[in-house]
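What follows is one structure encoded as structure tokens, with my remarks underneath.
In the numbering used here, the protein residues as written are 307 to 597.
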């Protein structure tokens, strides 16, 4: 992987990590409903990206529709449903199943090759992530964890299917994901959440800050570049590099939320960082003419 592309992907991980901090502040410290947050986030994305709604769809448009559904409303529906009951630490551990799931699917359906060195790098980074976030006292079985697993299985399927859609600009992915989230999360909020007017009156600014950050820095910047990297490199290269998200999230949590750094954070980070370098270094380089 090119150094510039690696830096862009690390910026994406930083944006995703920041979203954990902003969202936890909005949802945890204020009465901000998750479906309403997702709905307003999608509305902001559509406001910026609406011109791309009229871009020409690929011949196999149904593949694009499946991808947008998998990485958007299906993923969010399972995720938010699971988080209603699943413990936070258990959810964060299960969420890392995205890496082996996407890697296995890419090998089976895309015939991607990993190699033993990069395979060890993926395993090492995965173990490092579990070390960072594992709290034995907080991890217990909950049906919500099954929903979390389904959420990241959906994201893995969407990531792999992106490779089969053809030449589609990242703007088109971002825009149609927002459209699907806007429609389905809006309906979910109307059915399952109440007191929207009162929430808007009392928590308008936390809601807008969290939705605005997620819309611009996550949906447009991070997801947009992630879609671009998936088109340029093997899924088994790009997805494992997202293991840097918990590293950045821990750093930001300490800086902005005053959370404590535990020894396991240092141990996990010390294992993740060199493994991420191995994964990127062993991956194929994109053709020079691609942007």
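Note that the Cβ used here is the ideal one computed from N, Cα and C, for glycine as well.
Annotation for residue 481: 355, 358, 359 place their beta carbon closer than 6 Å to its own, counting only its chain and skipping 5 residues before and after. In this model, residue 315 and residue 307 are separated by some 10 Å (Cα to Cα).
Distance from the CA of residue 533 to the CA of residue 539, rounded to the nearest whole angstrom, comes to 10 Å. For residue 518, the enclosing alpha helix (DSSP H) has its first and last residue at 502-519. Here residue 475 carries a coil assignment [DSSP, helix/strand/coil]. CA-to-CA, the gap between residue 478 and residue 374 works out to about 9 Å.
CA-CA distance, residue 530 to residue 430, rounds to 28 Å.
Per DSSP, residue 528 lies in no alpha helix (DSSP H) segment and is marked neither H nor E. Residue 511 and residue 485 have their alpha carbons spaced roughly 23 Å apart. In the assembly as shown, residue 582 is a buried residue. Its beta-carbon has 16 or more other beta-carbons within 10 Å. Of the residues assessed, residue 347 falls on the buried side of the cut-off, its CB having 16 or more other CB atoms within 10 angstroms. Excluding its 5 nearest sequence neighbours in each direction, residue 388 has C-beta neighbours in its own chain below 6 Å: 450, 453, 454, listed in chain order. With a cut-off of 8 Å on Cβ pairs, the segment 402-417 is not in contact with the segment 495-507, counting fewer than three such pairs. Just measuring C-alpha positions, the residue of 576, 549, 327 sitting nearest residue 523 is 327.
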